[in-house]
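Trainee: Sending over a structure as structure tokens; questions will come in a sec.
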Amino acid sequence: MDKLSRPNKGDRGSNLKRKKTLVAYSFILPSLTGFFVFTFVPIIFSLILAFCQWDSGNPIQFVGLKNFFYMFLKDKSFWISLKNTIYYTAVTVPLTMAIALFLAILMNKPLKGRVFFRSVLFFPYVASLVAIAVVWMALFNPEIGPVNSILRALGVVNPPRWAASTTWAMPTIIGLTVWKGMGYYMIVYLAALQGISKDLYEAAALDGANRWQQFLNVTWPGITPTTFYILMMLMVTTFKSYDIMYITTQGGPGESTKVLAYHIFNQAFVNSKFGYASAVSMILLVIILSVTLLQFKFEKKFTSNI
Amino acid sequence: MADSRKKSIRTVLLYMALIFMAFIMLVPFAWMISASLKLEKDVFSFPIIWIPETPQWGNYKEIWQRVPLLTGFFNSVKLTVVVTVLQLVTSALAAYAFAKLEFKGKNVIFMMYIMTIAIPWQVYMVPQYKMMTFLGLTDSHLGIILMHTFTATGVFLMRQFFMGIPEELLEAARIDGLSEYGIWAKLIMPLSKPVIATLCITSFTFEWNDFMGPLIYLSSTSKKTLQVMLRMFNTQYSSNYALIMAAATVALIPVLVMFIFLQRYFVEGIATTGIKG
Numbered sequence: 015m016d017k018l019s020r021p022n023k024g025d026r027g028s029n030l031k032r033k034k035t036l037v038a039y040s041f042i043l044p045s046l047t048g049f050f051v052f053t054f055v056p057i058i059f060s061l062i063l064a065f066c067q068w069d070s071g072n073p074i075q076f077v078g079l080k081n082f083f084y085m086f087l088k089d090k091s092f093w094i095s096l097k098n099t100i101y102y103t104a105v106t107v108p109l110t111m112a113i114a115l116f117l118a119i120l121m122n123k124p125l126k127g128r129v130f131f132r133s134v135l136f137f138p139y140v141a142s143l144v145a146i147a148v149v150w151m152a153l154f155n156p157e158i159g160p161v162n163s164i165l166r167a168l169g170v171v172n173p174p175r176w177a178a179s180t181t182w183a184m185p186t187i188i189g190l191t192v193w194k195g196m197g198y199y200m201i202v203y204l205a206a207l208q209g210i211s212k213d214l215y216e217a218a219a220l221d222g223a224n225r226w227q228q229f230l231n232v233t234w235p236g237i238t239p240t241t242f243y244i245l246m247m248l249m250v251t252t253f254k255s256y257d258i259m260y261i262t263t264q265g266g267p268g269e270s271t272k273v274l275a276y277h278i279f280n281q282a283f284v285n286s287k288f289g290y291a292s293a294v295s296m297i298l299l300v301i302i303l304s305v306t307l308l309q310f311k312f313e314k315k316f317t318s319n320i
Numbered sequence: 041m042a043d044s045r046k047k048s049i050r051t052v053l054l055y056m057a058l059i060f061m062a063f064i065m066l067v068p069f070a071w072m073i074s075a076s077l078k079l080e081k082d083v084f085s086f087p088i089i090w091i092p093e094t095p096q097w098g099n100y101k102e103i104w105q106r107v108p109l110l111t112g113f114f115n116s117v118k119l120t121v122v123v124t125v126l127q128l129v130t131s132a133l134a135a136y137a138f139a140k141l142e143f144k145g146k147n148v149i150f151m152m153y154i155m156t157i158a159i160p161w162q163v164y165m166v167p168q169y170k171m172m173t174f175l176g177l178t179d180s181h182l183g184i185i186l187m188h189t190f191t192a193t194g195v196f197l198m199r200q201f202f203m204g205i206p207e208e209l210l211e212a213a214r215i216d217g218l219s220e221y222g223i224w225a226k227l228i229m230p231l232s233k234p235v236i237a238t239l240c241i242t243s244f245t246f247e248w249n250d251f252m253g254p255l256i257y258l259s260s261t262s263k264k265t266l267q268v269m270l271r272m273f274n275t276q277y278s279s280n281y282a283l284i285m286a287a288a289t290v291a292l293i294p295v296l297v298m299f300i301f302l303q304r305y306f307v308e309g310i311a312t313t314g315i316k317g
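The listed protein sequences derive, respectively, from chains A and B. Counting in this note's numbering, the first sequence runs from 15 upward without gaps. Counting in this note's numbering, the second sequence runs from 41 upward without gaps.
Shown next as structure tokens:
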């Protein structure tokens, strides 16, 4: 009787397993469905679209490598924006890192008002870019802005025209980027510095190491994994940013602050060349994936060293 | 003696450096607030008058009439709250399955999430937009909500935290007869306050400050967010700096208030997620 009413053990086990799987799927389903439809599918779609022509007037059509030939051989804007992206990244990244590390070292000392300083240095990172950019553009207004008023008062006859000049527009944007972002990386560095054992410094001091030697032999090796992590993260972030250019200079004057992601945006949402924009985005993808792969490769090395 | 003097000089230098940096960070905000309370003709007067003689509080009244800033404010609040809550719930549910449950295809699905973390939005924003157009989701808040809710980083972040919760706790709860849903709601979530705070703060600030998303997706004025309205304000009234600064101040306040109250969580969140453990 018992045998009839109860299913045998194997059956019950697989039933239980099936039930467990169903429960697990019910947990991931809401996230997975949305993620699949609105992120994963567009990513796959972009790989295909890069090889298609799709303009406002024309239907979607496969064209092979045509987009890439056009990009490399004819599209001057592409090369300009690639160059500008490299310029923007090559200056922003080391500058942000150096200031962030310097600030973190200062903040790592016994300090009164630590929370105040930390908050003040960090706040621009979470503040709205649109609002902050408006303020910067007013401060750096070439004719009437306070920055140039001060420079003139100090005797500079022809102060830079900042965002209105082809030479100074990019440095102005870099300044804004560094100013806004460095507080975040300072906190990452600070956490790393606090992870270095005090014993190491004491041992180094006993050996007669001065401050600079202590920094080189204790601090620097201790934060190398963090430095590497910040480097990679910053490179990816700066390489893909374009909102800051859109808000401040619209890529100008001329094309002096046009970056790769801005070029994609322009091609798609201003010129309605959706296929071509996707082709350009593949270049951005390749660059960013190379950085990420590099990170994976070296991360192992660093983590095995500690 | 010489040593302690050296030390106090160093302390003075340390504070001077920090005060200088804090000054650099604060001056733009101070100038913004000061300008927002001035008459238009006084905004750029030099030498700078930091505290206007008669503060023009009326500027803060006028901005709401020039551009439908209030509509933008409510739209931003709505999008921020909805995206933050939905992202938290869906990420936490999925993360629990990835961290603590066994099921077929777990590794493959998780790999799919991980792979996309490295791919920036700029790479697929174009096809995503075309797809949303096809689905009729452009120029609607729903489109933006769907676009921002389901993030791989949210799932990844929560999974990392859940992995650290001891298995014995879950086993004990299972023996007590709690279902997996019960464990998630009554055990896991209450234990995960730090990571919940981190995710909420990240999501809140991202959504509140997001500019390109609403710019690309929303075309009718009644649906635009505060950041886009602020931008509209700049282009339409480009010479009314006092009013622009008042609007900018208003746009900064919600994040500032949240930052003041939750700054510990902001910092702890970065310290734990920023450093790969």
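From the three backbone atoms N, C-alpha and C, an ideal C-beta is built for every residue, glycine too. All values reported here derive from a predicted model rather than from experimental measurement.
1) CB residue 167 of chain B to CB residue 288 of chain A, shorter than 9 Å?
2) Would you kindly work out how many angstroms separate the C-alpha atoms of residue 157 of chain A and residue 175 of chain A, rounded to a whole number?
3) DSSP state of residue 67 of chain A, grouped into three classes?
4) Beta-carbon within less than 6 Å of residue 203 of chain A's beta-carbon, same chain only, minus the 5 sequence neighbours each way: which residues are those?
5) Counting only C-beta atoms, is residue 57 of chain B closer than 9 Å to chain A at any point?
6) Keeping to the same chain, check which residues put their C-beta closer than 7 Å to that of residue 50 of chain B; ignore five residues upstream and five downstream.
7) Using 8 Å as the cut-off, can you tell me whether the segment 259 to 272 of chain A makes contact with the segment 198 to 214 of chain A, which would need three or more C-beta pairs spanning the two stretches below that distance?
8) Mind checking the segment 195 to 211 of chain A against chain B and listing, in chain order, the residues whose C-beta falls within less than 7 Å of any C-beta there?
9) With 7 Å as the C-beta to C-beta threshold (strictly closer), list the residues of the segment 82 to 102 of chain B near chain A in chain order.
10) Quick check on residue 150 of chain A: buried or exposed, where buried means 16 or more other Cβ atoms within 10 Å of its Cβ?
11) Alpha carbon to alpha carbon, what distance is there between residue 98 of chain B and residue 280 of chain B?
12) With the cut-off set at 9 Å, would you say residue 192 of chain A and residue 110 of chain A are in Cβ contact?
13) State yes or no: is the beta carbon of residue 296 of chain A nearer than 9 Å to at least one beta carbon in chain B?
14) Quick check on the burial criterion: 16 or more other C-beta atoms within 10 angstroms. Buried or exposed for residue 123 of chain B?
15) Reducing DSSP to helix, strand and coil, say where residue 154 of chain A ends up.
16) Within 10 angstroms of the Cβ of residue 57 of chain B, are there 16 or more other Cβ atoms? Answer buried if so, exposed if not.
17) Residues bridged to residue 329 of chain A by DSSP?
18) With C-beta atoms as the reference, is residue 291 of chain B less than 9 Å away from residue 258 of chain B?
19) Identify each residue in the segment 147 to 160 of chain A for which the Cβ-Cβ distance to at least one residue of chain B is less than 8 Å, and report them in chain order.
20) Give a yes or no on whether the C-beta atoms belonging to residue 81 of chain B and residue 89 of chain B are separated by under 9 Å.
21) With DSSP collapsed to three states, give me the class of residue 256 of chain A.
22) Of the choices A/181, A/228, A/241 and A/309, whose alpha-carbon is the least far from that of residue 199 of chain A?
23) Out of B/255, B/145 and B/161, state which residue places its alpha-carbon closest to the alpha-carbon of residue 178 of chain B.
24) Using only alpha-carbon positions, find the residue among A/52, A/51, A/66 and A/31 that is nearest to residue 292 of chain A.
25) Name, please, each residue of chain A whose Cβ falls closer than 8 Å to the Cβ of residue 271 of chain B.
26) According to DSSP, is residue 282 of chain A part of a helix, a strand, or is it coil?
27) Runs of 3 residues minimum, wholly inside the segment 150 to 190 of chain B: which ones carry the beta strand (DSSP E) assignment?
28) Kindly say whether residue 233 of chain A, judged by its beta-carbon, lies nearer than 9 Å to any beta-carbon of chain B.
29) Can you tell which of B/76, B/113 and B/133 has the C-alpha that lies nearest to the C-alpha of residue 42 of chain A?
30) Comparing alpha-carbon positions, which option in B/114, B/85, B/45 and B/165 lies nearest residue 55 of chain A?
31) Using only the alpha-carbon positions, how far apart do residue 39 of chain A and residue 138 of chain B sit?
32) Between residue 71 of chain A and chain B, is the shortest Cβ-Cβ distance under 9 Å, so that the two count as touching?
33) Given a threshold of 16 other Cβ atoms within 10 Å of its Cβ, counted over all protein chains shown, does residue 79 of chain A qualify as buried or as exposed?
34) Using the beta-carbon count (16 or more within 10 Å), is residue 86 of chain B buried or exposed?
35) Residue 289 of chain B and residue 72 of chain B: beta carbons closer than 9 Å?
36) Three or more C-beta pairs under 8 Å: does that hold for the segment 79 to 93 of chain A against the segment 182 to 201 of chain B?
Mentor: Inspection of the coordinates gives the following:
1) Taking 9 Å as the Cβ cut-off, residue 167 of chain B and residue 288 of chain A qualify as a contacting pair.
2) About 8 Å.
3) The answer is strand: DSSP assigns residue 67 of chain A an E or B state.
4) Hits under 6 Å: 114, 115 and 118.
5) Residue 57 of chain B counts as touching chain A.
6) Correct list: empty, nothing qualifies.
7) Pairwise C-beta distances place the segment 259 to 272 of chain A out of contact with the segment 198 to 214 of chain A, as fewer than three of them are shorter than 8 Å.
8) For the segment 195 to 211 of chain A, which is checked against every Cβ of chain B, the residues closer than 7 Å are 198, 201, 202, 205 and 206.
9) Listed by position, the residues of the segment 82 to 102 of chain B near chain A (Cβ gap below 7 Å) are 84, 86 and 88.
10) By the 10 Å Cβ count, residue 150 of chain A comes out buried.
11) The straight-line gap from Cα to Cα measures roughly 14 Å.
12) In this structure, residue 110 of chain A lies closer than 9 Å to residue 192 of chain A by Cβ.
13) Interface residue, yes.
14) Counting the other Cβ atoms within 10 Å of the Cβ of residue 123 of chain B gives 16 or more, which makes it buried.
15) DSSP places residue 154 of chain A in coil when its eight states are reduced to three.
16) Counting Cβ neighbours within 10 Å, residue 57 of chain B comes out exposed, since fewer than 16 surround it.
17) Residue 329 of chain A lies beyond the stretch modelled for chain A, which goes from 15 to 320, so this question has no answer here.
18) Cβ atoms of residue 291 of chain B and residue 258 of chain B: not closer than 9 Å.
19) Answer in chain order: 148, 149, 150, 152, 153, 155, 158, 159 and 160.
20) No.
21) Coil.
22) Checking every option, the nearest Cα to that of residue 199 of chain A belongs to A/241.
23) For residue 178 of chain B, the nearest C-alpha among the options comes from B/255.
24) Of the residues A/52, A/51, A/66 and A/31, the one whose Cα lies closest to the Cα of residue 292 of chain A is A/66.
25) Against chain A, the beta carbon of residue 271 of chain B has neighbours under 8 Å at 144 and 261, listed in chain order.
26) Residue 282 of chain A: helix per DSSP, three-state reduction.
27) With a minimum length of 3 residues, no continuous beta strand (DSSP E) run stays inside the segment 150 to 190 of chain B.
28) Using a CB distance cut-off of 9 Å, residue 233 of chain A does not count as an interface residue toward chain B.
29) Among B/76, B/113 and B/133, the Cα nearest to that of residue 42 of chain A belongs to B/133.
30) Closest option to residue 55 of chain A, Cα to Cα, is B/165.
31) Distance between the alpha carbons of residue 39 of chain A and residue 138 of chain B is about 10 Å.
32) Residue contact with chain B for residue 71 of chain A: absent (no Cβ-Cβ distance below 9 Å to any residue of chain B).
33) By the neighbour-count rule (16 or more Cβ atoms within 10 Å), residue 79 of chain A is not buried but exposed.
34) With fewer than 16 Cβ atoms within 10 Å of its Cβ, residue 86 of chain B is classed as exposed.
35) Cβ atoms of residue 289 of chain B and residue 72 of chain B: closer than 9 Å.
36) Segments in contact, no.
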